[in-house]
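S.K.: Chains as they are written, first to last, in our numbering: chain A, 4 to 319; chain B, 16 to 365.
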């Protein structure tokens, strides 16, 4: 166990390092990527550009710039190139919205994914299976910003049931927080419910054919208990692993499309806006945050695996 | 795909891959049939998959006929403004875009069949041209993904050691980025700078820029399962036999291993195409994909969203077309997967 944790932490630091270096290197190497020109604006003179370059340290070698930026990220003083705001403050500001989105949607898509997966597997080949399969296919084929636009128009403008977007902090007004998030939760969940129910259906059908399930039935255990104790527990393993990765990506701002269409002003939308401005520091911090979340959650998932299935041994 | 590349690797032997209910009939028919013939026989029996395959072909052909529609039916191009003009609907003249900037809805006539957008452009014409662009980006991106991923997967899986370690780590790094963030970052940067690597020179506004970005982003999703399968194949007798015969590494990779991962690769083609078309739409929605004034389904939906609540047809028309196209690829792809590899568990979407 200790060896597993040490190896995982080492691997995580490695991935974070490589990702930060790569993200950092992309910018100085592209034409028009020079941040001094962006800060200076169109009307800046050559002298002003040189001045900016010196002040921000863009005239130093790349590795010095990298080291300085990393230092600033870790002592919390890193500043956006084009907006002049503290990047970590902006992320701290966007994190509650993103976390609220991730937690609610993650819960909904896990529960409904499992429910639909179980129903389609038990009723395999019958009407409920076919209907839910059609829905699952439509779900995985619909981009969230299209679904979001439909919800905003039909349920927002026409019916007036949901707000037209935006985020209200939980501490400010719990009811408003909920009504503003219910549509984004559902829209973000649709894709994942489609995927999870399909994956769970096929694993369940495989597991139902196993010998030990026949043994359990032969012992006279009720069908409900066979499903819950023997079949479902084994089939949930791949679902948990999927959920960990997907959840980590949403926390790290991966739900850019959903955040943007509902203008939740979370981490993802902040990343999208910064990318539009080719603003390096925010992009760097957000990608590192995401990579960190992915690495952390996948380690937790591997530990959960070993708990769920004693046959699995932990190896780096 | 995330689940477990190990098990799907062993499930691709055709002799054991047939579901039991088909086994009796299949065994009679299967005598003398090659694996791909057998798969084709199974696919032909799957009516839903075939129907949706036909729907996709129909969409593709319609989009390819965009210039014909524009020239002979709508009499306008995808970027032509008619903002100050009028069109005859039901006997009376109506403004294409009225005095408060609202575009006309579907007229169901040859001109402005699906209405106009806020710039007075014909939505139906843009829909077909946009579809052509979306599908072109998707198809090129899928080709890039499949070629790169197959090479990386086979080389990493067969060579092992340091090279395998490096390639696997590289895939892990790409994997740790969320697809959309990586795609948007690369797309936004390259849309400004273009691509200029060796003999590949692309302008920033080129359609091929998002295609390259999407193609690269999805490489790990295919390369990992291919590598997993090669790891299993590497230890098999026929590879050892080839090695003993003195075949070179490259020859073993391309004439022994490649045919054996063929079915896995084929299974991924429709799934990747569906994902590539969806990602193109997402990137274009965020301004990092197809660049205006080039239409694509994604840019059209983005334009439409900015004109909510005035003109919902600008969202509905490209959105429904996009969902229909992606849905038909997905259902057809599911049928292909069932036919080639009834036991594999490959994850759709992401």
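Each residue gets a CB set at the ideal place from its N, CA and C atoms; glycine is no exception.
1) Could you tell me which chain A residues have their CB closer than 9 angstroms to the CB of residue 289/B, listed as they occur along the chain?
2) So residue 297/B contacts chain A; which residues on that side make the cut at Cβ distance below 9 angstroms?
3) How many Å lie between residue 205/A and residue 209/B at the Cα?
4) Please work out which residues of its chain come closer than 7 angstroms, Cβ to Cβ, to residue 143/A, disregarding the five sequence neighbours upstream and downstream, and give them in chain order.
5) Would you mind sorting residue 226/B into buried or exposed? The rule is 16 or more other CB atoms within 10 Å of its CB.
6) Count the other C-beta atoms from every protein chain shown that fall within 10 angstroms of the C-beta of residue 160/A, then say buried if there are 16 or more, exposed otherwise.
7) Measure the C-alpha to C-alpha separation of residue 172/A and residue 199/B and round it to an integer number of angstroms.
8) Mind checking the segment 88-121 of chain B against chain A and listing, in chain order, the residues whose C-beta falls within less than 7 angstroms of any C-beta there?
9) Counting only Cβ-Cβ distances shorter than 8 angstroms, please list the residues of the segment 104-134 of chain A near chain B, keeping chain order.
10) According to DSSP, is residue 218/B helix, strand or coil?
11) Could you check whether the Cβ of residue 187/B sits closer than 9 angstroms to any Cβ belonging to chain C?
12) Could you tell me which residues DSSP puts in a beta bridge with residue 102/B?
13) For the segment 152-166 of chain A, enumerate the residues whose C-beta is nearer than 9 angstroms to any C-beta of chain B, in chain order.
14) Please confirm if residue 173/B has its CB atom under 9 angstroms from at least one CB of chain A.
15) Between which two residues does the alpha helix (DSSP H) carrying residue 223/B extend?
16) When the distance is taken between beta carbons, is residue 298/A closer than 9 angstroms to residue 2/A?
17) Assuming the contact rule is C-beta atoms closer than 8 angstroms, residue 154/A and residue 190/A should be a hit. Round their C-beta distance to whole Å, please.
18) Check this for me: beta carbons of residue 209/A and residue 244/A, under 9 angstroms apart or not?
19) Determine the closest residue to residue 144/B out of 189/B, 164/B and 81/B, with distance taken between C-alpha atoms.
20) Whole angstroms is fine: what's the gap from residue 54/B's alpha carbon to residue 274/B's?
21) Is the segment 213-224 of chain B close to the segment 260-280 of chain B, with three or more CB pairs under 8 angstroms?
22) Determine, using beta carbons only, whether residue 251/A and residue 300/A come nearer to each other than 9 angstroms.
23) Counting only the same chain and skipping the five closest in sequence on each side, list residues whose C-beta sits under 6 angstroms from that of residue 353/B.
24) How many angstroms separate the CA atom of residue 24/B from the CA atom of residue 256/A?
25) Taking a contact to mean a Cβ-Cβ separation below 9 angstroms, would you say residue 228/B touches residue 205/B in this structure?
26) By a C-beta neighbour count over all protein chains shown, 10 Å radius and 16 as the cutoff for buried, is residue 28/B buried or exposed?
27) Looking only at its chain, what residues have a beta carbon closer than 8 angstroms to the beta carbon of residue 278/A, apart from the 5 residues adjacent to it on each side?
28) Where are the alpha helix (DSSP H) runs, 4 residues long or more, that stay fully inside the segment 37-77 of chain A, in chain order?
29) Give the interface partners of residue 303/B over in chain A, defined as CB-CB distance under 9 angstroms, in chain order.
30) Which residues in the same chain have their Cβ closer than 6 angstroms to the Cβ of residue 83/A, if we skip the five residues on either side of it in sequence?
31) List the endpoints of the continuous alpha helix (DSSP H) containing residue 250/A.
32) Which class does residue 118/B belong to by DSSP, given the choice of helix, strand or coil?
33) Do you know offhand how far residue 54/A's Cα is from residue 46/A's?
34) Per DSSP, which one or two residues make a beta bridge with residue 210/B?
35) Quick one: what does DSSP say residue 274/A is sitting in, helix, strand or coil?
36) How would you list, in chain order, the residues of chain A whose beta-carbon sits under 8 angstroms from the beta-carbon of residue 192/B?
M.R.: Quick answer:
1) In the second chain, counting from the first residue as 1, residue 289/B sits at position 274. Simply 143 and 144.
2) Your numbering for residue 297/B matches position 282 in the second chain. Simply 146, 147, 148, 259 and 260.
3) Along the first chain, read from residue 1 onward, the residue named residue 205/A stands at position 202. Along the second chain, read from residue 1 onward, the residue named residue 209/B stands at position 194. If I take the Cα positions, the gap works out to 43 angstroms.
4) Along the first chain, read from residue 1 onward, the residue named residue 143/A stands at position 140. Correct list, in chain order: 194, 197 and 198.
5) On the second chain, position 211 is the one that residue 226/B refers to. Per the 10 Å Cβ criterion, buried.
6) Taking the first chain and counting its residues from 1, the one referred to as residue 160/A is at position 157. Residue 160/A is exposed by the Cβ-count criterion.
7) Working through the first chain from its first residue, we reach residue 172/A at position 169. Working through the second chain from its first residue, we reach residue 199/B at position 184. Rounded to the nearest angstrom, the two C-alpha atoms are 28 angstroms apart.
8) none
9) none
10) Stepping through the second chain from its first residue, residue 218/B is reached at position 203. Residue state, collapsed to three classes: coil.
11) The structure shown contains no chain C; the protein chains it does contain are A and B.
12) Taking the second chain and counting its residues from 1, one reaches residue 102/B at position 87. DSSP output for residue 102/B lists 109/B as bridge partner(s).
13) 152, 153, 155, 156, 157, 159, 160 and 161
14) As a position in the second chain, residue 173/B is number 158, starting the count at 1. It does not: the Cβ of residue 173/B has no partner Cβ on chain A nearer than 9 angstroms.
15) Within the second chain, the letter at position 208 stands for residue 223/B. Counting along the chain, the alpha helix (DSSP H) containing residue 223/B begins and ends at 223-232.
16) In the structure as shown, chain A starts at 4 and stops at 319, and residue 2/A therefore has no counterpart that could be examined.
17) The residue labelled residue 154/A in the question sits at position 151 within the first chain. The residue labelled residue 190/A in the question sits at position 187 within the first chain. Confirmed, Cβ separation roughly 6 angstroms.
18) Taking the first residue of the first chain as 1, we reach residue 209/A at position 206. Taking the first residue of the first chain as 1, we reach residue 244/A at position 241. Their beta carbons are not under 9 angstroms apart, which means residue 209/A does not touch residue 244/A by this criterion.
19) Locating residue 144/B in the second chain gives position 129, where the first residue counts as 1. The shortest Cα separation from residue 144/B among 189/B, 164/B and 81/B belongs to 81/B.
20) Translated into positions along the second chain, residue 54/B becomes position 39. Translated into positions along the second chain, residue 274/B becomes position 259. The straight-line gap from Cα to Cα measures roughly 15 angstroms.
21) no
22) Your numbering for residue 251/A matches position 248 in the first chain. Your numbering for residue 300/A matches position 297 in the first chain. Yes, these two residues count as a Cβ contact at 9 angstroms.
23) Translated into positions along the second chain, residue 353/B becomes position 338. Cβ within range, chain order: n/a, list empty.
24) Stepping through the second chain from its first residue, residue 24/B is reached at position 9. Stepping through the first chain from its first residue, residue 256/A is reached at position 253. Note on residue 24/B: pLDDT 31, under 50, position unreliable in the model; no value is reported.
25) In the second chain, residue 228/B corresponds to position 213, counting from 1. In the second chain, residue 205/B corresponds to position 190, counting from 1. Yes, the Cβ-Cβ distance between residue 228/B and residue 205/B is below 9 angstroms.
26) Locating residue 28/B in the second chain gives position 13, counting from the first residue. With a pLDDT of only 32 at residue 28/B, under 50, the local geometry of the prediction cannot be trusted, and the value read off the model is given with reservation. Flag for residue 28/B reads exposed.
27) As a working note, residue 278/A is residue 275 in the first chain. Closer than 8 angstroms at Cβ, skipping near neighbours: 286.
28) 38-43 and 49-59
29) For the purposes of this step, residue 303/B is taken as the residue at position 288 of the second chain. Here the neighbours are 275, 278 and 279.
30) Locating residue 83/A in the first chain gives position 80, where the first residue counts as 1. Only 90, 282, 284 and 285 meet the Cβ criterion.
31) By 1-based counting over the first chain, the position of residue 250/A is 247. Taken as a continuous stretch (DSSP letters only), the alpha helix (DSSP H) holding residue 250/A covers 236-252.
32) Taking the second chain and counting its residues from 1, the one referred to as residue 118/B is at position 103. Reduced to three states, the DSSP call for residue 118/B is strand.
33) Position 51 of the first chain, counted from the first residue, corresponds to residue 54/A. Position 43 of the first chain, counted from the first residue, corresponds to residue 46/A. If I take the Cα positions, the gap works out to 14 angstroms.
34) Taking the first residue of the second chain as 1, we reach residue 210/B at position 195. In DSSP, residue 210/B forms a bridge with 217/B.
35) Translated into the one-based positions of the first chain, residue 274/A becomes position 271. DSSP places residue 274/A in helix when its eight states are reduced to three.
36) Here residue 192/B corresponds to residue number 177 of the second chain, with the count starting at 1. Going along chain A in sequence order, the residues near residue 192/B (Cβ under 8 angstroms) are 22, 290, 293 and 294.
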